[in-house]
Amino acid sequence: GTAGPGSGVNPRRTSEGDRVSTKSERARRCLEATAYHEAGHAVVCCREGRRFRRATIEPDGERGTLGHVAGVVQPKWFRPDLELTPRLMIRAESEIVELWAGPAAERRFTNRWNRVGARGDEEGILLLAERFHGGDVLAKYIAYLKARAEAYVASPVVWPEIEAVAAALIDRLTLTFEETRAVIRDM
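Just add 66 to the spot in the sequence shown (first one is 1) and you have our numbering.
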């Protein structure tokens, strides 16, 4: 059972009375945080009409990640390395918001920013954003899109979807795009 008042289980405490978490509790919190992170990415992909192969919270030693959303399908015309059109910029902004949505969902769940967990997302954000802006404008542009992602994730419509997908990831470890959409649809 859960440790705490009325549970009949006494949590471990230090001599100062601070609760001591066990290794299994820390592992569970890490798994949950990862699930919320990946659910943030997956839900925004679904809402923005971007298919992906799978969202998983299984660690990937090659990538050095605790989870990821793999196989996001880009349209053939999405080539920010070759041209900059208004259509392309709208798509890139949507992708940057999706990249921020993972760390933003994790932060909303844990109440802290995971700089290590967000590093890969931030690298992808910078690669896309610097195609459109530089200097002081670049930092403001990235901050604006981060704020958009945080608001998106906190939406009273989107947050319950993220919670449902995170719960499904904790239960199943991996979800396909279709399974993710079904979790959202069946809420």
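Quick reminder that beta carbons are idealized off the backbone N, C-alpha and C, glycines included.
Under the three-state reduction of DSSP, Leu165 is assigned to helix. It is roughly 10 angstroms from the alpha-carbon of Arg173 to the alpha-carbon of Ala184. A Cβ-Cβ separation of about 5 angstroms places Ala101 in contact with Ile236 under the 8 angstroms criterion. Runs of the alpha helix (DSSP H) lying entirely within the region 103–188 and spanning at least 4 residues, in chain order: 152–176. Contact between the region 197–211 and the region 150–168 is established, with three or more Cβ pairs separated by less than 8 angstroms.
Glu114 and Glu164 do touch by the CB rule: their CB atoms are close to 6 angstroms apart, below 8 angstroms. Setting aside the 5 residues that flank it on each side, Gly190 is surrounded in the same chain by Leu165, each with a C-beta closer than 7 angstroms to its C-beta; the list follows chain order. Nearest C-alpha to Leu193 among Arg145, Thr246, Gly127: Arg145. Where Thr240 is concerned, there is no enclosing alpha helix (DSSP H), although the beta strand (DSSP E) around it starts and stops at 240–242. In this chain, the alpha helix (DSSP H) harbouring Gly201 covers 201–220. By the criterion of a C-beta distance shorter than 8 angstroms, Phe175 is surrounded in its chain by Glu98, Ala99, Tyr102, Ala232, once the five residues flanking it on both sides are discounted.
8 angstroms or more divides the Cβ of Val109 from the Cβ of Glu245. Taking 8 angstroms as the cut-off, the Cβ atoms of Val135 and Cys111 count as close. The C-beta distance from Gly168 to Glu104 rounds to 6 angstroms, short enough to fall under 8 angstroms.
Secondary structure of Thr88 (DSSP, three-state): coil. Here Lys212 is buried: its Cβ has 16 or more other Cβ atoms, across all protein chains shown, within 10 Å. Buried is the label assigned to Val219, since at least 16 other Cβ atoms lie within 10 Å of its Cβ.
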